[in-house]
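See below for the structure under consideration.
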Amino acid sequence: MTDTSGTGHEPSKPSPADSATPSQRPAAGTTPTRPGARQLRTRAGATWVGIIVFAAVLVLLLIFILQNTQAVEISYFTASGQVSLAVAMLLAAVAGVLLTAIAGSLRIWQLRRDLRRSARR
Numbered sequence: 001m002t003d004t005s006g007t008g009h010e011p012s013k014p015s016p017a018d019s020a021t022p023s024q025r026p027a028a029g030t031t032p033t034r035p036g037a038r039q040l041r042t043r044a045g046a047t048w049v050g051i052i053v054f055a056a057v058l059v060l061l062l063i064f065i066l067q068n069t070q071a072v073e074i075s076y077f078t079a080s081g082q083v084s085l086a087v088a089m090l091l092a093a094v095a096g097v098l099l100t101a102i103a104g105s106l107r108i109w110q111l112r113r114d115l116r117r118s119a120r121r
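Residue numbers (the UniProt record's numbering): 1 to 121.
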């Protein structure tokens, strides 16, 4: 077949879905699976990605702990002691996460309570 448009490209061939009878075409709202087609995301796929990311973060965390083993003096009110620098930093990070989670949970509880009160009216 020759190109008469002057663009240098051959005209595209119709896809099998275009030439299929209505009973052979995919149903409305579904995506045909063809090579190179983009697949939908699933919960299993998202879980798998989450596990991989978690494993990578865990490896980085272990490297951090192994590289920061020098002991530091920690004092909290009247208690004091020595722990490794990595453990002290991790405990501080976990305490920050817990405080944030508590504040967020209290706010969610407050919003749900207000929603229930407004739904009763």
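Every residue, glycine too, gets a C-beta built ideally from N, C-alpha and C. Given the structure is predicted, the values throughout are model-derived calculations rather than measurements.
* Asked: CB-CB under 6 Å to Ala-103, same chain, minus the five flanking residues each way: which ones, in chain order?
  -> Within the same chain, Ala-103 has no close Cβ partners at all.
* Ser-75: which of Asn-68, Thr-69 and Val-83 sits nearest, CA to CA? -> Val-83
* Can you tell me the Cα-Cα spacing of Phe-77 and Leu-98, whole angstroms? -> 20 Å
* Asked: From what residue to what residue does the beta strand (DSSP E) around Gln-82 run?
  -> 79–84
* Asked: Which residue or residues does DSSP assign as beta-bridge partners of Ser-75?
  -> Ser-80
* alpha helix (DSSP H) segment containing Thr-69, residue limits -> Thr-69 -> no alpha helix (DSSP H), and no H or E assigned at all.
* Asked: Using the rule of at least 16 other Cβ atoms within 10 Å of the residue's Cβ for burial, across every protein chain shown, is Ala-86 buried or exposed?
  -> buried
* Asked: Would Val-72 pass as a contact of Ala-92 if the rule is Cβ separation under 8 Å?
  -> no
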